[in-house]
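Chemist: Below is the structure I would like to discuss, written out as structure tokens.
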Amino acid sequence: MVTLSKPVIEQLSLPPKTPINKMLPSIKIPLIDLSKPDSKALIVKACEEFGFFKVINHGVPTEFISRLEREATKFFSLPLSDKQLAGPPNPYGYGHKKIGNNGDVGWIEYLLMNITPQLDLHHHNLPSIFSDNPMEFRCAVEDYVQEVRRMACEVLELIADGLRIQPTQVFSKLLKDEKSDSVFRLNHYPPCPSDQLEFKNNNNNNNNMIGFGEHTDPQIISVLRSNNTCGLEIFLQDGNWLPVPPDQNSFFFNVGDSLQVMTNGRFKSVRHRVITNKLKSRISMIYFGGPPMSERIRPLPSLTGGDDETSLYKEFTWFEYKTSAYKSRLADNRLVPFQKIAAS
Ligand code: GA4
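Under this note's numbering, think of the first position of the sequence shown as 645, with each following residue one higher.
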């Protein structure tokens, strides 16, 4: 006879469900080593599955990265009234708690800069803020952005090649164009006490506050680098948020809405957010690679088989998309108005 040493109910019942946050570590952020020959296929796979990946062996000099972090830290340590001399952030300047124009808020301060391949920061008030050495900040931004743009273009050419699109410069030429509407953003998330109810994150049951609410980026590709403070999370297709472990020596790439459209939905622009930390400051620097304003954005013919019927999106100019994006709330799905209605 079989004897049951434990109460029957205990032996027959299923093990308790693993809490979601204990299951997540098994999902790994795709890691791309740019020095390896297999990176092309791995990037395409990562863009299809996550719209997100981490890049190592990127060739961006460490000195450029640490110099810009030093300059950013110096800027954010200035008195509020000095930082506000950079002007309000609509669309370029210094922002504090308010994000966009339509009521979004976050536990954040930031500096938004317009950058073209021929960088011209003259129209910003930045030099007057950095009166001790006005050029230092500008040079740090210029050197950093130039290197990150180079890396972003390299990745975009690998993507085009991996998708067998000719010429392989289809995406990178948009970032290299002298009229490219690209944006550079410095973010500072100060430590956040858990009693800031306005910033409470209703979307999980811990006490973390929202630094930057969930959203997708409108551009083609975004390249983020942060200090070693955690906070970034990406939204997975299974409906869970995956925390991205910080790594100050690597870059994190996001597929933007425009690349989702150009690949006819084969790549997904990734929904992401930043939650705050109770103890540590997070500093991040993000390059948003965008096309020129007049550029027509539409699924590439080689991905629709040249057949307009299979195209999931209406054609639009980047100017039209950007105008519509700036009327939206952060969490909105900005592509909906540009989707073709499926024939019933
Ligand atoms: C998200 C990506 C970039 O940070 C940004 C953001 C912009 C802003 O902060 O002013 C937007 C946001 C971003 C998308 C929708 C609009 C515009 C805030 C907002 C509510 C600079 C961008 O280009 O779009």
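Where is the CB? At the ideal position from N, CA and C, for every residue including glycine.
1. Measure the beta-carbon distance from I676 to A690 and round it to whole angstroms, keeping in mind my assumption that it falls under 8 Å.
2. My assumption, with CB atoms under 8 Å, is that A975 sits in contact with H832. Please give the rounded CB distance.
3. When DSSP labels each residue in this structure, what does E753 get in the three-state scheme?
4. Measuring only between beta-carbons, confirm whether L756 sits less than 8 Å from chain D.
5. Taking 7 Å as the cut-off, does the CB of A716 come closer than this to any heavy atom belonging to the ligand GA4?
6. Please confirm whether R933 and R793 have their CB atoms less than 8 Å apart.
7. For the ligand GA4, is there a heavy atom less than 7 Å away from the beta-carbon of R915?
8. What is the C-beta distance between W751 and G855, in whole angstroms, given that I count them as a contact (C-beta under 8 Å)?
9. How many whole angstroms separate the CB atoms of N758 and V827, which I take to be in contact at a CB cut-off of 8 Å?
10. Three Cβ pairs or more, each shorter than 8 Å: is that satisfied between the region 808-823 and the region 940-955?
11. Look at the alpha carbon of N734 and the alpha carbon of G883, and state the distance between them as a whole number of angstroms.
12. Look at the alpha carbon of S670 and the alpha carbon of I864, and state the distance between them as a whole number of angstroms.
13. Do the CB positions of G695 and V914 come within less than 8 Å of each other?
14. Over what stretch of residues does the alpha helix (DSSP H) that includes V888 continue unbroken?
15. Take every Cβ of the region 951-967, pair it with every Cβ of the region 720-733, and state whether three or more of those distances are shorter than 8 Å.
16. Looking at S824 and the ligand GA4, is the gap between the Cβ and the nearest heavy atom below 7 Å?
Modeler: If we stick to the structure as given:
1. 7 Å
2. Not really, about 22 Å apart at Cβ, beyond 8 Å.
3. strand
4. Reference to chain D is not applicable here, since this structure consists of a single protein chain.
5. no
6. As written in the sequence, residue 933 is Gly, which differs from the Arg given in the question. In contact: G933 and R793 (Cβ atoms closer than 8 Å).
7. no
8. 5 Å
9. 6 Å
10. yes
11. 32 Å
12. 29 Å
13. yes
14. It is not in any alpha helix (DSSP H) - V888 carries neither H nor E in the DSSP assignment.
15. no
16. no
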